[in-house]
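Heads up: the structure comes next, in structure tokens.
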Amino acid sequence: MDSILTSFIVFVFLFTSTNSPTASVATSTGLARAVTAYISLQTIGQANNFARLLANYVISAIFLSDNRVWRLFYLYIFGMITAPIIAAILYWGMNNARLPRLDSTQPINSQTINTINR
């Protein structure tokens, strides 16, 4: 779940950061972060925050004297490392398949229209 939500944040940032104003990138990334925090708080209880997860493990290991809490900790680290890499690879694949965008600062001429129609 954590990997999927991290991939969602990376996708939103990558897709909005190309040819978009800075304000829209910041707004959409912040909104994606808020949505993923809401979803992950309801499902896994950590609000997609690695620091909170680590704090829970450390506190439970100290006060409960139980070392078994660390047995699946590597899954979270693996998810945090692999999710952005997988999202970047998928973005690269999707970006190559997209059609070229019109530059809104340039006037439209017949050459631009012919390029799009091909």
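Here the sequence shown stands for residues 862 to 979, where the numbers follow the numbering used here.
Glycine included, every Cβ here is placed at the ideal spot set by N, Cα and C.
Predicted model, so just to flag it, every value in this text is computed and none were measured.
- Burial state of Leu933 is exposed, judged by a 10 Å Cβ sphere holding fewer than 16 other Cβ atoms.
- Taken through DSSP and simplified to helix, strand or coil, Leu951 comes out as helix.
- Rounded to whole angstroms, Val873 and Ser889 show a C-alpha spacing of 7 angstroms.
- Classified as exposed, Leu936 has fewer than 16 neighbouring CB atoms from the shown chains inside 10 Å of its CB.
- Val919 sits exposed, since fewer than 16 C-beta atoms from the chains shown fall within 10 Å of its C-beta.
- Separation of the CB atoms of Ala949 and Val886 is rounded to 16 angstroms, and the pair is thereby denied contact status at 8 angstroms.
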